[in-house]
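Asker: First the structure, which I've put down as structure tokens, then a few questions once you've had a look.
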RNA sequence: GGAGGGGUGGCAGAGCGGUUGAAUGCACUGGUCUUGAAAACCAGCGUGCCCUCGCGGGUACCGUGGGUUCGAUUCCCACCCCCUCCGCCA
């Protein structure tokens, strides 16, 4: 969420930002400002009444102490009306506060000035294309056929046991998955300097709210209502919430975490060839990067974090491209976001495998993650960033397709071999 | 799951119905002293919100939410979390 006081002082910038993000209706801003006026008026009235009440109580205390019991009793008799007033005003102030908070949660983050305007995927800027798309002297197969032929993934039994989108990885398929996770984590921790985290896979409501999955996107998450918990849609949720409600020492920044987790997403919606095979699952593996940085560093960090994610694709030798997301395709909480898409040789299309975002203080304000700048009493909100490095299923798809051979086997890229324990699958 | 103990400021730790935002110690900041440093001494030192151009003032906050009371950190109820013991369990 944005800073209420800032919104109060810059309503036009907020309206402008919403328009850039393609939100026609900016009257939330007006409703918010109005609600804020109401809230402050109610609060003043309440506090004034409380001040009077405190004065009376103090007097009564003094009278009691000096033994003037009857005078005290007279004063006590006078208080009932004031008590009633306070009770009512408390109610009103609370309601006003709740209205303001609810409206504030409806206001999206402000896009950074370097973010291109646009209304959807077509307006994203392709900032660069890297690596060579392989030329095949045979017809490359899509990954679902490769995995079928080699017995890597069992989609049908996954459907039987759980449902569509919950495949079994079997034998070499399972081993490949494990190898990639280990390799990605090593890259992030040993080379990238990220501290490795194994987070819980269930989070409570406060955490889901903290990273912005609630209140709006509850359809995204699987829920365990009996215990009021949610299955994580990404490690971003537990790992960012790790520092919720904390005040960090300035010297500890930047804080860099990497985490592997299974991710659970309901993804209600489209079916068809674009979700075939590994393209879209309800449960998948991902290694996520999260950073907490000083505000002045966050845009530089966005670039280095993007480099960290790209390095994984480079190490795997997979062709990919980098997209700078436009205002309309960016999402509610982000100020700036890159996507990385890997080339799928068997499907001949780009697959999103990573998304790297700067949230500025939008998340940290909600989560109250602050730090104390050197030589300063007042705390400030840190900036948070996160990025995938990488999401596994589509990476696996591209990997199998890119490195498939005419005889049906897959020749793994050199850096992956020690993790997999062999050069070839099949 | 059962029994007991506990949750107070950055940390440690008092308070247990009245002017307590909260003793004390440590940490931190400024000053005195010193050639310099340490020690010592003096002073300051929580957060949110509201009002104010500013000085400043007000209000709320002692795990969370309710209740009793003129007044609650202090009493009552519910919930959450932590610790110890028992049970169960990978």
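Residue numbers (my numbering): 168 to 593. Note that beta-carbon positions come from the ideal geometry of N, C-alpha and C, so glycine has one too. Predicted model only: the values in this text are computed from it and were never measured.
Can you tell me whether DSSP reads residue 452 as helix, strand or coil?
Answerer: Locating residue 452 in the first chain gives position 285, counting from the first residue. Residue state, collapsed to three classes: strand.
Asker: To the nearest angstrom, how far is the alpha carbon of residue 197 from that of residue 271?
Answerer: In the first chain, residue 197 corresponds to position 30, counting from 1. In the first chain, residue 271 corresponds to position 104, counting from 1. Looking at the two C-alpha atoms, the distance is approximately 11 Å.
Asker: Under 8 Å, do residue 425 and residue 456 count as touching if we go by C-beta distance?
Answerer: Mapped onto the first chain, residue 425 falls at position 258. Mapped onto the first chain, residue 456 falls at position 289. Yes, the pair counts as a contact, with Cβ atoms nearer than the cut-off.
Asker: Does DSSP put residue 571 in a helix, a strand or coil?
Answerer: One-based indexing of the first chain puts residue 571 at position 404. DSSP places residue 571 in strand when its eight states are reduced to three.
Asker: Which whole-angstrom value is the C-beta distance of residue 531 and residue 501, which I expect to be below 8 Å?
Answerer: Taking the first residue of the first chain as 1, we reach residue 531 at position 364. Taking the first residue of the first chain as 1, we reach residue 501 at position 334. Actually they are not in contact, since the Cβ atoms of residue 531 and residue 501 sit about 14 Å apart, beyond 8 Å.
Asker: In chain order, what are the residue ranges of uninterrupted alpha helix (DSSP H) at least 4 long that sit wholly in the segment 350-427?
Answerer: Counting whole runs of 4 or more residues, the segment 350-427 contains the alpha helix (DSSP H) stretches 372-377, 403-408.
Asker: In angstroms, rounded to a whole number, what distance separates the CA positions of residue 520 and residue 460?
Answerer: Counting from one through the first chain, the residue named residue 520 turns up at place 353. Counting from one through the first chain, the residue named residue 460 turns up at place 293. Going from the Cα of residue 520 to the Cα of residue 460 covers about 24 Å.
Asker: Entirely within the segment 511-575 and at least 4 residues each: give me those alpha helix (DSSP H) ranges in chain order.
Answerer: Within the segment 511-575, the complete alpha helix (DSSP H) runs of at least 4 residues are 529-534, 559-569.
Asker: Give the DSSP bridge partners of residue 586, in chain order.
Answerer: As a working mapping, residue 586 is identified with position 419 in the first chain. None, per the DSSP bridge assignment.
Asker: Residue 501 by DSSP, collapsed to three states: which one?
Answerer: Along the first chain, one-based indexing puts residue 501 at 334. The answer is coil: DSSP assigns residue 501 none of H, G, I, E or B.
Asker: Would residue 353 and residue 421 be called neighbours here (beta carbons separated by less than 8 Å)?
Answerer: Along the first chain, read from residue 1 onward, the residue named residue 353 stands at position 186. Along the first chain, read from residue 1 onward, the residue named residue 421 stands at position 254. Contact: no.
Asker: Which of helix, strand or coil does DSSP assign to residue 476?
Answerer: Taking the first residue of the first chain as 1, we reach residue 476 at position 309. The answer is helix: DSSP assigns residue 476 an H, G or I state.
Asker: On a Cα-Cα basis, can you pick out the residue from 218, 535, 527 that is closest to residue 594?
Answerer: Nothing about residue 594 can be reported from this structure: the residues present for the chain run from 168 to 593 only.
Asker: Taking buried to mean at least 16 other C-beta atoms within 10 Å of its own C-beta, is residue 454 buried or exposed?
Answerer: Along the first chain, one-based indexing puts residue 454 at 287. Classification of residue 454: buried, given that the 10 Å Cβ count is 16 or more.
Asker: Ignoring anything shorter than 4 residues, give me the alpha helix (DSSP H) runs that lie fully in the segment 192-258, in order along the chain.
Answerer: Runs of the alpha helix (DSSP H) inside the segment 192-258: 194-232.
Asker: If we ignore side chains and look at the alpha-carbon of each, how far apart do residue 314 and residue 376 end up?
Answerer: Taking the first chain and counting its residues from 1, one reaches residue 314 at position 147. Taking the first chain and counting its residues from 1, one reaches residue 376 at position 209. Residue 314 and residue 376: Cα-Cα distance of roughly 38 Å.
Asker: Under 8 Å: do the segment 388-408 and the segment 363-372 share three or more Cβ pairs, one atom per stretch?
Answerer: Yes: the two stretches touch, three or more of their Cβ pairs being nearer than 8 Å.
Asker: Three or more beta-carbon pairs under 8 Å between the segment 562-570 and the segment 504-518, yes or no?
Answerer: Because the criterion of three Cβ pairs below 8 Å is met, the segment 562-570 and the segment 504-518 touch.
Asker: Find out if the Cβ-Cβ distance for the pair residue 484, residue 310 is shorter than 8 Å.
Answerer: Reading the first chain from its first residue, position 317 is the one you call residue 484. Reading the first chain from its first residue, position 143 is the one you call residue 310. Cβ atoms of residue 484 and residue 310: not closer than 8 Å.
Asker: Considering only DSSP beta bridges, list what residue 180 is partnered with.
Answerer: Here residue 180 is taken as the residue at index 13 of the first chain, counted from 1. Bridge partners of residue 180: none, in fact.
Asker: Which residues share a DSSP beta bridge with residue 591?
Answerer: Translated into the one-based positions of the first chain, residue 591 becomes position 424. Answer is 578.
Asker: Whole angstroms are fine: how far does the CA of residue 275 sit from the CA of residue 215?
Answerer: If you number the first chain from 1, residue 215 lands on position 48. If you number the first chain from 1, residue 275 lands on position 108. Looking at the two C-alpha atoms, the distance is approximately 34 Å.
Asker: Is it true that the CB of residue 458 sits closer than 8 Å to the CB of residue 503?
Answerer: Reading the first chain from its first residue, position 336 is the one you call residue 503. Reading the first chain from its first residue, position 291 is the one you call residue 458. Contact flag unset, no.
Asker: Three-state secondary structure (DSSP) at residue 299?
Answerer: As a working note, residue 299 is residue 132 in the first chain. Residue 299: coil per DSSP, three-state reduction.
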